[in-house]
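S.K.:
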Amino acid sequence: MSYFRVNENCNGCLACVENCPASALSFNDEDDRRTLKHNMTKCARCGQCWRVCPQKAIEFQHLLVGRWDEVVTLDLIRCQVCGEPLYSKAYLQKLAAELDSTREALCPQHRQRQAASKWPHTC
Ligand code: SF4
Ligand code: SF4
Numbered sequence: 733m734s735y736f737r738v739n740e741n742c743n744g745c746l747a748c749v750e751n752c753p754a755s756a757l758s759f760n761d762e763d764d765r766r767t768l769k770h771n772m773t774k775c776a777r778c779g780q781c782w783r784v785c786p787q788k789a790i791e792f793q794h795l796l797v798g799r800w801d802e803v804v805t806l807d808l809i810r811c812q813v814c815g816e817p818l819y820s821k822a823y824l825q826k827l828a829a830e831l832d833s834t835r836e837a838l839c840p841q842h843r844q845r846q847a848a849s850k851w852p853h854t855c
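Following the working numbering, the numbering of the sequence shown begins with 733 at its first residue and continues without gaps.
(1) Quick test of your reading: C785 and A747, contact by CB under 8 Å. State the CB separation rounded to the nearest angstrom.
(2) For a test of the three-state rule: what should DSSP assign to E816, helix, strand or coil?
(3) Just to confirm before moving on: does the CB-CB distance between Q787 and C742 stay below 8 Å?
(4) Shortest alpha-carbon distance to H842 belongs to which of L818, R765, A828?
(5) Taking the alpha carbon of D858 as the reference point, which residue from A754, G744, M772 has its own alpha carbon closest?
(6) May I ask you to list the residues that DSSP assigns as paired with F792?
(7) Quick one: what does DSSP say L827 is sitting in, helix, strand or coil?
(8) Which residues in the same chain as A837 place their Cβ atom closer than 8 Å to its Cβ, once the five residues preceding and following it in sequence are excluded?
(9) Using only the heavy atoms of ligand 2, determine whether one of them is closer than 7 Å to the beta carbon of C745.
(10) Residue range of the alpha helix (DSSP H) that S849 falls in?
(11) Does DSSP put V738 in a helix, in a strand, or in coil?
(12) Under the three-state reduction of DSSP, which class applies to N751: helix, strand or coil?
(13) Grab me the residues of A822's own chain with a C-beta within less than 7 Å of its C-beta, minus the 5 sequence neighbours each way, in chain order.
Following this line, the structure appears as structure tokens:
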């Protein structure tokens, strides 16, 4: 689905195409049809097309407010003591395969405390 959409008010004036600083808009006239085209990989999301459109035909607001799309969700490992997020389970598995698989899940603060508690006490 394209992020760039026009509503029924578009009359094909091409003001958006002519004013796009990134050449992200184009068109082609074929037979008796004019087709407006948008290239997301070129689009700078500057909103210039939306500002210059005399028909208020570009529905671009949803892009300008900055939408985030979820890409992946992974299991998270947290510090066993305080619950601070550390790394993903998949990352831990990769580390464990390459390094010491016996390490406990601890944040830097609690790892330091655990290490300190194992030192012999001197008076
Ligand atoms: S400027 Fe607006 S009315 Fe003109 S072609 Fe672009 S979207 Fe359509
Ligand atoms: S937002 Fe800017 S770069 Fe993207 S199509 Fe509109 S004018 Fe071109």
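The beta-carbon is built from N, C-alpha and C at its ideal position, and this holds for glycine as well. All values derive from a computational prediction rather than experimental measurement.
M.R.: The short version:
(1) 6 Å
(2) coil
(3) yes
(4) L818
(5) The question about residue 858 has no answer, for the chain in this structure spans 733 to 855.
(6) Per DSSP, none; premise fails for F792.
(7) helix
(8) Cβ neighbours of A837 beyond the five flanking positions: I809, R810, C811, Q812, L818, L824.
(9) no
(10) 840 to 849
(11) strand
(12) Per DSSP, reduced to three states, the secondary structure at N751 is helical.
(13) Result list for A822: L806, in chain order.
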